[in-house]
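Residue numbers (the numbering used here), protein chains in the order written: chain D, 924 to 1247; chain F, 3 to 692.
By construction, the Cβ of each residue, glycine as well, lies at the ideal position given by its N, Cα and C atoms.
All values derive from a computational prediction rather than experimental measurement.
Shown next, in structure tokens, is the structure this report addresses.
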């Protein structure tokens, strides 16, 4: 290793590598999310039988993890490099390990392990089976086979790989604090993010307007449900994400009592369930254009296909409520 | 004779499932071979994080041949009047692809005996895919790609070799062959196995120690050598060794260090960081003082070990740095501060907050302390402990290291100036943490732990959150079993039934989440809870005789846990007495008769007609029923033994249900008197005597 890879070198390398493995490079989603999983490029696309391969960087906001720019590891916002491959390829572990080699991590010079860790996101009704990947004892990635998304058992299993970029690059650059990381061209992570980290922490813990946020949550929820009724899946999903982020802000502020907490999570989860359902039906109406395999087409959208039946049932329901 | 190799290649199996999966593969394979009448010498088993395998030694080339007898038509139908075979008989023979010449005649029917040849092992083994591989069951399972099969982790390759020949089959899209994979990094090419017997050696050459036992011994030896070389004292936690063994295929042990400044942290914090979080073995000096070093095991060889060591040290130091910060921060506050923060903590959404739970536990503890005759100072310490015992839940340390709850309460309580009894009780509040885990050593700790479990059980039952089947999300079985073990260990005597009635009436019901509970529901809840706890007694005495357990539990309706357990072992200690059968039978006879013929009468000696009645009456006058319960078990039993002969004489000499209604009534009164005495001890009808 002559020159240590910068944060942007790592991003560029991972993008190039996964693009060459058949992933489409998406851009970070333009809505506040807590993790790459919440991007519609993962959450929505993991539903239904259509293949989907994507990779993208997702800045992820977790208001409660803010530490005023003082903690070397914890951040209000960190960056995830997200890869989703659906259906999960037979050699997904090998593909992942090759990506580490591209990042100059030679497995023969380190100890790399797959340690059981089953991931769950109760607010989005998502759960999967997988591992943390340990690099010399440090967790650098999360590796998950989605089993349920939006509380719906998946048709086709997505393999999700999430690289925690700050951790991974801290390891590569061997620096004690994320703020000492080189983002690129000699500019440090701290030069870019220390100030926003401080300000967002002040906002999340001290200055956020509790009343406004509580009202916002209710309004966002109402809007999401209205849009769901209209079958406007993607706008509805945006409002669900807004609910989720608003909840996270309220939670960080300590504005939600423990009893209320469960009920807020339930409200988000039930919307996540509806939107996942609507997304699949919307794709089914389009006849799952990305699904090419003939046997699977027959199974899902053929004459006696699972979704052919569901669509028929939906159509007859709509007819009964006709005119509305 | 041949050897058969089956290997299932998987993505990394969770460490805690590897060993049980290996056992399961062996037992399913043995059942499979037995079912198909294929003989073999033995089955060798192999497992690593990425593979489960068996090698069947000296497998027969063919399965056993068998004779199957089929019954045909009756002779009347099979033969015509001339004694020739009818169409029906010929049809039967044809159906079995044999001829009427093969018939045997017996019991008025014709029979055909069909000889079924053995089948080649290479044929039978093809179905090992569907009958063994696909049948494996796991406590965690998943789906992958577009397949429906649920398995512990995705299947990536299969090896199926009968000596040198592949026995072909496919599972999903994976075709069985002779190609396996070596160590992920040390051996990148394919490993081709020429014959089944080469398996272990071929894998060893590819940097995989396939035999789990061999691998474990290798690790044990390496870590001991490392420790010995530095003069360190090694503490091998068997569970950790097992786990480490199941996350490596080719182990290389290494040692790392951390700054001595972290040794100021409580030992348990250091040990948890090393053992639970990083899977390190910790080290001490001769005196048991922790050393600033650790030993861990890499999945690989000794090359570039420096990278691995410095990486692992860095991760541990980051953790210890956090822990040190938390430890210092927490000590800036007080128990009151943490209790105030605990106000928001929820115990369970349906039940209420942790603080409400503690308030009930405090009342239960006070009530029990009174029953158990606690001294004034014990009662005071218990009182204090029960008011603060969950404060550590809001400390930064427990926030980060949740497995230290309770332990940290004890440590911090000491630092915050609580006395030693209170601190110890706090540290023992969660004990026993498993079905065989250690019990609270102090009386105050034991009573706190008992009260906490009791309130948890009552609360969950009252809200209808009762465990069903294998589903016990709140660990209530463990809590109830823990209660039973604590009571037995402390030899505490009380009636569970009475206690529950007292508690639910005085302490638990009519407030908070339980305000709505109606009296009749309360009775039902208590009955369910009582039965649930008695079931745990059953579980605890698993292995001892069920009949004795039934005898001891069914009449002790008050649910005196300690008494029940004692009676079981008492009866077991007499079960081999020469007169045990006779004594039990005599007592059981009385109990049966009394149950069928209830009586409220007093015995009237004036109505006696013979000596056997007098003898039994005088024998049974030795004690009143309530005096009997004052005797120790041996005393009661000796008294019962002394009743045996008079009872038998009585039954031999008298018709109990005499024609004279007066005499009948009097004799039933005598039986009833005895039954009252006997039943204070148990139900002897439940005991099986040989």
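| Check | Outcome |
| --- | --- |
| Specify, as a first and last residue, the run of the alpha helix (DSSP H) that residue 333(F) falls within. | 307-333 |
| Tell me which residue opens and which closes the beta strand (DSSP E) that residue 182(F) is part of. | 181-183 |
| Could you pull out every residue in the same chain whose Cβ sits closer than 7 Å to the Cβ of residue 363(F), ignoring the five residues on either side in sequence? | 388, 453, 454, 457 |
| Using a C-beta cutoff of 8 Å, does residue 695(F) count as contacting chain D? | Nothing can be reported for residue 695(F), as the shown portion of chain F is limited to 3 through 692. |
| Got a sec, what are the start and stop residues for the beta strand (DSSP E) residue 253(F) sits in? | 253-259 |
| List the endpoints of the continuous beta strand (DSSP E) containing residue 44(F). | 44-50 |
| Using a Cβ-Cβ cut-off of 7 Å (strictly less than) and excluding sequence neighbours within five positions of residue 653(F), which residues of its own chain qualify? | 591 |
| Give a yes or no on whether the minimum CB-CB distance between residue 142(F) and chain D is below 8 Å. | yes |
| Look at the Cβ atom of residue 138(F), then the Cβ atom of residue 240(F), and state whether they are nearer than 8 Å. | no |
| Can you give me the Cβ contacts of residue 226(F) inside the same chain, cut-off strictly under 8 Å, excluding the 5 residues immediately before and after it? | 236 |
| What residues from chain F crowd round residue 1034(D), counting only those whose CB sits closer than 7 Å? | 300, 301, 302, 310 |
| For a cutoff of 8 Å on Cβ pairs, would you count residue 248(F) as touching chain D? | no |
| Shorter than 8 Å from the beta carbon of residue 1185(D) to some beta carbon of chain F? | yes |
| Take residue 93(F) as the anchor and find which of 79(F), 49(F), 83(F) has the nearest alpha-carbon. | 79(F) |
| Is the separation between the beta-carbon of residue 935(D) and that of residue 1202(D) shorter than 8 Å? | no |
| So what does DSSP say about residue 1030(D), is it helix, strand or coil? | helix |
| So the candidates are 220(F), 663(F), 564(F), 676(F); which of them puts its Cα closest to the Cα of residue 648(F)? | 676(F) |
| Classify residue 672(F) as helix, strand or coil using the three-state DSSP reduction. | helix |
| Please classify residue 1130(D): is it buried, with 16 or more other beta-carbons within 10 angstroms of its beta-carbon, or exposed? | exposed |
| Any C-beta of chain D within less than 7 Å: which residues of the region 458-477 of chain F qualify? | none |
| Taking Cβ-Cβ distances shorter than 9 Å, what residues in chain D pair up with residue 314(F)? | 1034, 1059, 1060, 1061 |
| What are the residues that DSSP puts in a beta bridge with residue 1086(D)? | 1004(D), 1064(D) |
| Secondary structure at residue 113(F), three-state DSSP: helix, strand or coil? | strand |
| Tell me the rounded alpha-carbon separation between residue 1037(D) and residue 1059(D). | 11 Å |
| Give the list of continuous beta strand (DSSP E) stretches no shorter than 3 residues that lie fully inside the region 1200-1240 of chain D. | none |
| Would you tell me roughly how many angstroms separate the C-alpha atoms of residue 679(F) and residue 655(F), rounded to the nearest one? | 22 Å |
| Buried or exposed: which applies to residue 930(D), given that a residue is buried once 16 or more other Cβ atoms fall within 10 Å of its Cβ? | buried |
| Please list the partners that residue 23(F) has in chain D, where partner means a Cβ-to-Cβ separation under 7 Å. | Within 7 Å Cβ-Cβ: nothing; residue 23(F) doesn't reach chain D, min ~13 Å. |
| Please return the same chain residues whose Cβ sits closer than 8 Å to the Cβ of residue 2(F), not counting the five positions on each side in sequence. | Chain F is shown only over 3 to 692; residue 2(F) falls outside these bounds and no answer can be derived. |
| Does DSSP put residue 219(F) in a helix, a strand or coil? | helix |
| Can a CB atom of chain D be found closer than 8 Å to the CB of residue 192(F)? | no |
| If the cut-off is 8 Å on Cβ atoms, which residues from the region 1036-1047 of chain D count as contacting chain F, listed in chain order? | 1036, 1037, 1038, 1039, 1041 |
| Since I believe residue 436(F) is in contact with residue 411(F) (beta carbons under 8 Å), could you give me their beta-carbon distance rounded to a whole number of angstroms? | The pair is not a contact, with the Cβ atoms about 19 Å apart (cut-off 8 Å). |
| Whose C-beta lies closer than 8 Å to the C-beta of residue 187(F) among residues of the same chain, with five residues either side of it excluded? | 302 |
| Would a check of beta-carbon distances place residue 145(F) closer than 8 Å to chain A? | Going by chain labels, chain A is absent from the structure shown, which instead holds the protein chains D and F. |
| Between residue 983(D) and residue 379(F), what straight-line distance do the alpha-carbon atoms span, to the nearest angstrom? | 55 Å |
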